[in-house]
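Each residue of the sequence shown is one higher than the one before, starting from 331 at the first, in this note's numbering.
Okay, so here's the structure we're looking at.
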Amino acid sequence: DASTPDPVEGVIDRDNATGELTGLLFEMAGYLRQRLGTSRDQAAFQDYVHQLNNTLLGYGITSVQDAGPDNGLERWQIFQELQSSGALQCRVTMFAGASHLEEFQSAGLTWGAGDDQLRLGHAKIMLTLSTGALEPNLEALTELVDNAHRAGFPVAIHAIEQEAIESAIKALTNAAPLASPEPTSDIQRLDRIEHCAECPPELVAEIARSGCMVVTQPGFVYWNGDNYLKRVDASMLPNLYPVGALANAGVPLAFGSDAPVIDPNPWPAIYNAVTRKTSTGSLLPPEASQQQAISVAEALRMYTAAGAIADGTGDQKGTIRPGMMADMVLLDTDSMTVEPEQLKEIRAMTTILGGEVVWEGGG
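Put into structure tokens, the structure is as follows:
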């Protein structure tokens, strides 16, 4: 009710005049999950997983990363069951919630544990500005990164706003180095900033100096860009999801969807990365759109080779060559030769996972 205090990590929206609840909750997904529990109708859950599996394979998606900040051992075990039963065919890298690292370690699991189908990934840290102040603050954030690094986990820090990105870079710079229990390539264990939505040129330069990777979502500009044009300060518009600037600065960069927030279909996002156009064809913003555009080849790499590098499997998948996993998709047209306006209409015809056809045409 109206007397309920805001949780530390989120905001319960209220009417400014009356103080009454508006029904909007910000950055409270984890808070709600912890209190509502995970009880679900098993039949409905299995049906949802079946639909999800067909949707992903139908888009030509063969690997996904679950970046849930509350992922613990129970979630890991659910994924094990889904994979062993064949209900979920896509390869999964599941992030570990930063507050759950001890339970994974107690079970003998650390970054990279698992197999080709299910793998334990980065430690996920939520860094938000919803309450008007950064949560966690820089000291606490640095401690979280320290703890993850000492446990052998690179981190993936959720940071959308400019202030959050700045804090993430400072924490990554100041934190203890990443422990390496066995020899491994540096590119396989890159710390990550997730989203990096508000990123002016000076911040792009700081990210490049830090050596971390950015995993961002041009699909947000495609689906939400018209709202950004109306609501975001004009001075920030040229620097929203600045994929061109990040790529040109040499920042290791990959794309994702943040599904289910938006549709996981990669082609509208690739279309936006190449054209900087929204779903209605508007440019974001018109006067600077091409500064942030990249080529089709670059955009494809962000969803394939770079995506594999982001989760530490770049030596196993993401490219088509001898010795790599045979995960491929046959498209209905050549993405390298079509007109840019047609990119968003491209469809998968056949999806191949590990050399086997797992989806065709209508499924």
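Virtual Cβ for every residue (Gly too), placed ideally from N, Cα, C.
Local Cβ density within 10 Å of Lys560, reported as buried at 16 or more and exposed below that: exposed
Cβ-Cβ distance between Arg651 and Ala623 below 8 Å: no
Three CB pairs or more closer than 8 Å across the segment 582-591 and the segment 632-644: yes
Cα-Cα separation between Gln646 and Ser393, rounded to whole angstroms: 12 Å
Distance between beta carbons of Lys454 and Ala498, contact taken as under 8 Å: Going by Cβ atoms, the distance from Ala498 to Lys454 rounds to 13 Å, so no, they are not a contact pair.
Distance, Ala599 Cα to Asp556 Cα: 15 Å
Beta bridge counterpart(s) of Arg344 as assigned by DSSP: Leu351
Whole-angstrom distance between Ala347 and Leu382, CA atom to CA atom: 42 Å
At least 3 beta-carbon pairs within less than 8 Å: the segment 448-465 vs the segment 389-407: yes
Of the listed residues Pro484, Val379, Leu508, nearest to Arg522 (C-alpha basis): Pro484
Which listed residue (Asp662, Thr472, Gly549, Ile408) has its alpha carbon closest to that of Ala629: Gly549
Pick from His430, Trp441, Ala538, Ile490 that is closest to Glu404, judged by C-alpha positions: His430
Touching by the beta-carbon criterion (3+ pairs, under 8 Å), the segment 665-673 and the segment 373-382: no
Reduced DSSP secondary structure (H/G/I, E/B, other) of Pro530: coil
Straight-line Cα distance separating Glu473 from His488: 16 Å
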